Amino acid sequence: MPKKPTIKTALPGPRAKKLIKLDKAFVSPSYTRVYPLVVDQAEGLWVHDVDGNTFLDFTAGIAVNATGHCHPHVVKAIQRQAEHLLHMSGTDFYYTPQIQLAEKMASIVPGNGPKRVYFGNSGAEAVEAAFKLARWHTKRELNIAFFGAFHGRTMGALSLTASKTVQKKHYNPLVPGITHIPYAYCYRCAYNLCYPDCDLFCVKWIEDTLFRTTVPPEEVAAIFIEPIQGEGGYIVPPPGFHKAMYRIAKKYGILYVADEVQSGMGRTGKMFAIEHFKAKADIMAIAKGIASGMPLGAMVAPAKIMNWEAGSHASTFGGNPLSCQAAMATIELLEKSLMKNATVQGKRLMKGLHRLQKTYECMGDVRGKGLMVGVEFVKDRETKEPATKWRPAIIRKAFEKGLLILGCGENSIRFCPALTVSAKEIDLGLSIFEEAVKEVAA
Ligand SMILES: Cc1ncc(COP(=O)(O)O)c(C=O)c1O
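Residue numbers (my numbering): 77 to 518.
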């Protein structure tokens, strides 16, 4: 395995250039590629492009390859299943991998009592299913979600999303009845308050203002929330936030839906991020890291909530046998050692970033849990003016030096390497990141 990134060509290299030209001719221009990486093959934390350049991957395919690229245990599970049964549609027939995975998911999602699992193919589908179930179960029409939230791009999930207007432009009218409210983004508190002196004003405001003035709580089906906000900027709410939110939800018979699509499946060092807050959720949406790169989404709820009737929701491909086997192999690895590794290496990453923060003024905030870590760039620590131009420049510089990272929010960079990352790889990533920051912003 290579120990260092190797960049042998200009980026993009000649083969990549040709493929990108072809891509531009045939592939949807709606995709958001931030740098010209054309991947050929990958293993563990290492990605090789079509020109023979090698990169250290701190993106994990946007927090998906939890077990690293092509983990042999996962690959073998897929190969075995591919020779056995490719597809039969779990909507219309029964097959073992879907049933076994449902049993496993029901056991790893927090909460006592019997649970049920719905399978789709993506995060958006998991959220969409939660959205429909919340309406079906409560027979209520209104919902609450958060500014900065990203829940997916299908019409229901998009209606809950409030991340960037470009994602919504020209798609109105969206699903009605959704009210977006400020997330507990303490670095930039919407109410200009400071935790803990604020006494969780952002939660109290829901009951004292929102429910009193515009949104009748008895008509609200669900509150959709990312336990740690992902696309919005890797924002970690303060301790006590989710518990207080859940209390309000329960008071008014509202379902608390945790979108763990990005934060779940061991990424934060616990199976689900909500566990860090010792809080509960009624419904959970899960995808991304669940099957190490195979398409799979899951929505999990107590049996008494997932009480919809046959035909009320389904998907031809959801819970495909290959994806289910990949998920079971992934969970085995997470439970055996990878969640622990996420905690250990996450601490190392955080410590390294805090050390860099002491030197580089532009690193306004460093935050995260486990291997879900974000750095927010500012022009000035006092004013916190977002350094929106430096962010893409740092990402591009890191790419040219052989480190793959991505942005989140308006001015943050996310670190979400595979949970297999080693201490050496963390240190290497940190040193390339420092070089990039130094060259762009210092
Ligand atoms: C929290 C969250 N929910 C939902 C989604 C949508 O997932 P997908 O792109 O698989 O539809 C994402 C994707 O980034 C996400 O981060």
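Note that CB positions come from ideal geometry on N, CA and C, so glycine has one too. Please read all numbers here as calculations on a predicted model, not as lab measurements.
Any chance the CB of GLY345 is under 7 Å from a heavy atom of ligand 1? Annotation for GLY345 indicates a beta carbon at 7 Å or more from all heavy atoms of ligand 1.
Closest residue to PHE222 among ILE311, PHE131, LEU432, GLN157 (Cα-Cα distance): Comparing alpha-carbon positions, the option among ILE311, PHE131, LEU432, GLN157 lying closest to PHE222 turns out to be ILE311.
On a Cα-Cα basis, can you pick out the residue from ASP125, LYS79, VAL110 that is closest to PRO90? Closest by alpha carbon: ASP125.
When DSSP labels each residue in this structure, what does THR419 get in the three-state scheme? Note: THR419 maps to helix in three-state DSSP.
Minimum C-alpha distance to ALA349 - residue among VAL185, ILE138, GLN117, THR108: Closest by alpha carbon: VAL185.
Return helix, strand or coil for HIS256, following the three-state DSSP convention. In this structure, DSSP gives HIS256 an extended state, which the three-state scheme calls strand.
Roughly how many angstroms separate the alpha carbons of GLN401 and VAL151, rounded to a whole number? The C-alpha of VAL151 is placed about 10 Å away from the C-alpha of GLN401.
Less than 8 Å between the beta carbons of PRO303 and PHE226, yes or no? No, Cβ-Cβ distance for PRO303 and PHE226 is not below 8 Å.
Taking 7 Å as the cut-off, does the CB of ASP127 come closer than this to any heavy atom belonging to ligand 1? No, the beta carbon of ASP127 sits no closer than 7 Å to any heavy atom of ligand 1.
Within 7 Å: the Cβ of SER413 and any heavy atom of ligand 1? Remark: the shortest separation between the CB of SER413 and any heavy atom of ligand 1 does not fall under 7 Å.
Looking at the secondary structure, which residues open and close the alpha helix (DSSP H) in which ASP99 lies? Bounds of the alpha helix (DSSP H) holding ASP99 are 90–102.
Give a yes or no on whether the C-beta atoms belonging to VAL193 and VAL376 are separated by under 8 Å. It is a contact, given that the beta carbons lie within the stated cut-off.
Say the cut is 7 Å; is the CB of HIS163 nearer than that to a heavy atom of ligand 1? Using a cutoff of 7 Å, the CB of HIS163 does not count as near ligand 1, since none of the ligand's heavy atoms is closer than that.
If you follow the beta strand (DSSP E) that TRP122 is in, where does it begin and where does it stop? Where TRP122 is concerned, the enclosing beta strand (DSSP E) stretches over 122–125.
Opposite TYR194 in the DSSP bridges: which residues? For TYR194, the beta-bridge partners assigned by DSSP are MET375.
Quick check: the Cα distance between GLU119 and ASP284, rounded to an integer number of angstroms? Near 52 Å, if we compare the C-alpha coordinates of ASP284 and GLU119.
Restricting to Cα atoms, I'd like to know which of THR167, GLN155, LYS460 is closest to ALA386. With distances taken between Cα atoms, ALA386 lies closest to THR167.
Are the region 484–504 and the region 314–328 in contact at 8 Å, needing three or more beta carbon pairs? Output reads no: the region 314–328 does not touch the region 484–504.
Mind pulling the alpha helix (DSSP H) runs of 4 or more residues that sit fully within the region 245–298? As far as the region 245–298 is concerned, its whole alpha helix (DSSP H) runs of at least 4 residues are 277–281.
heavy atom of ligand 1 below 7 Å from VAL203 C-beta: Yes, since a heavy atom of ligand 1 falls inside the 7 Å radius drawn around the Cβ of VAL203.
Would you identify the three-state DSSP class for VAL209, choosing helix, strand or coil? Contrary to the premise, residue 209 reads as Leu rather than Val in this sequence. Assigned with DSSP and collapsed to three states, LEU209 falls in helix.
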